[in-house]
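In terms of numbering that gives the first Met the number 0, the sequence shown opens at residue 0 and continues consecutively.
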Amino acid sequence: MSSFPDFRPRRLRRTPGLRRAFAETSLAASDLIAPLFVKEGLSDAAPIGAMPGHHQHTLESLVKETRELTERGVAGVILFGIPERKDAQGSEAWNDDGIIQRAVRAVKDEVGDEAVVIADLCLCEYTDHGHCGFLDGDQVDNDPTIEAYGRIAASQAAAGADMVAPSGMMDGQVKSIRRALDAGGFDHVPILAYAAKYASSFYGPFREAAEGAPRFGDRRSYQQDPPNVDEALREAALDVAEGADALMVKPALPYLDVLRAVKDRFRYPTAAYNVSGEYSMLMAATERGWIDERAATLETLGSIRRAGADLILTYHARKAAEWLN
Ligand code: PBG
């Protein structure tokens, strides 16, 4: 590399055209997946207090929102269901006529194959105790839980989900789901594995949105410990070995190093979940006039792409798609 004054890095930054031509990463609506919540028994969409612009949807408003998102070119949606009836097992999660199954059918009917419909696969919105699996005392019992995940996956696939995304962080969950899908005639349905999902403080607003907060304790005995990155690589390696088709890191911003490490190690399709707390922080600062929402959002999403994400799950999907188009 030559040095100053022969080399002047500012030359390539002088005009918008030069900057665009030399941008190393891109961001497009087709990189974005919108998370959406659908609640059984609602008569009107209900705003989520901590997430301005977002709602718990009825089936009708969910379909409308999905249509508007796909018209704006987003890659797809990931759906979270909130059932009317919760029990200790979370049995509504594998009811073929449950809220998530009806939502997947309705949304697929609307968007066909033009957008990807992902079903989040977990039990915390379905259990009365709010944990992500069956309980044994105050611990989540791993092996019976992953059996149930298999049943849920088959039921979501039967409803037409393009992809299932297990987020419970149980050991062996990808293997159990892959087997159940294959046995049910769904060997074509891919798994987006929440490979490295941390026990994060940034999920607070989501728990209001999805009504899945644990009634006691926390999720630290199954979600990952924030200081660890080697452990994330072991988790991702297991998911790859068990048949994951794509890997996810969650949250995004506090874990960009993990995202980069997972992308570099596996070179798999990699997603990052820009979670509810990340969205709410940005919106709170925006509402106070402390930050420019558009610039900060595009910078944030661009940085997640730069760290290695092929896909970003983000509550800013709709607005970002509008800004990018
Ligand atoms: C449920 C689940 C959570 C999120 C996605 N799936 C909450 C949790 O683990 O407590 C969080 C998403 C967000 O905060 O946007 N397993």
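Using N, Cα and C, we set each Cβ at its ideal position, and we do this for glycine too.
Owing to the predicted nature of the structure, the values given are computational and were not obtained by experimental measurement.
Buried versus exposed, by CB contacts within 10 Å (16 or more), residue i
i: L17; result: exposed
i: A22; result: exposed
i: M0; result: exposed
i: P15; result: exposed
i: D161; result: buried
i: G97; result: buried
i: S154; result: buried
i: L11; result: exposed
i: H54; result: buried
i: F133; result: buried
i: T24; result: exposed
i: P250; result: buried
i: D119; result: buried
DSSP beta-bridge partners of residue i
i: K38; result: I81
i: T269; result: L246
i: T313; result: N273
i: D119; result: A164
N- and C-terminal bounds of the alpha helix (DSSP H) containing residue i
i: Y278; result: S275 to E286
i: A179; result: Q172 to A182
i: L300; result: E292 to R305
i: I47; result: Where I47 is concerned, there is no enclosing alpha helix (DSSP H), given that its DSSP letter is neither H nor E.
i: D229; result: D229 to E241
i: T65; result: L58 to E70
i: P15; result: P15 to A20
i: A152; result: N141 to A157
i: A102; result: I98 to V110
Boundaries (first-last residue) of the beta strand (DSSP E) holding residue i
i: L191; result: L191 to K196
i: T126; result: Note, T126: premise wrong, no beta strand (DSSP E); not H, not E.
i: A208; result: Looking at the DSSP string, A208 is not in any beta strand (DSSP E); the run it does join, the alpha helix (DSSP H), is G203 to A209.
i: P225; result: Here P225 belongs to no beta strand (DSSP E), and DSSP marks it neither H nor E.
Residue i: CB within 7 angstroms of a non-hydrogen atom of the ligand NAP
i: P34; result: Absence of the ligand NAP from the depicted structure is noted, with the ligand PBG being the only ligands included.
is_contact[residue i, chain B] using C-beta, thresh 8 angstroms
i: A235; result: Absent from the structure is chain B; it holds one protein chain and no more.
Review point. Is the region 183-202 touching the region 230-250 in the sense that three or more CB pairs, one from each, lie closer than 8 angstroms?
Key: yes
Review point. Any chance the region 25-35 sits against the region 70-89, with 3 or more Cβ pairs inside 8 angstroms?
Key: yes
Check your understanding: Are three or more beta carbon pairs between the region 246-257 and the region 219-231 nearer than 8 angstroms?
Key -> yes
Exercise for review: Would you check if the region 77-93 and the region 168-185 touch, i.e. whether three or more CB-CB distances between them fall below 8 angstroms?
Suggested key: no
Check your understanding: Between the region 201-220 and the region 121-128, do three or more beta carbon pairs fall short of 8 angstroms?
Key -> yes
Check your understanding: Are the region 138-151 and the region 107-115 touching by the rule of at least three beta carbon pairs closer than 8 angstroms?
Key -> no
Review point. Is the region 2-11 touching the region 44-53, taking contact as three or more C-beta pairs under 8 angstroms?
Key: no
Review point. Touching or not, the region 294-312 and the region 56-67, by the rule of three or more beta carbon pairs under 8 angstroms?
Key: no
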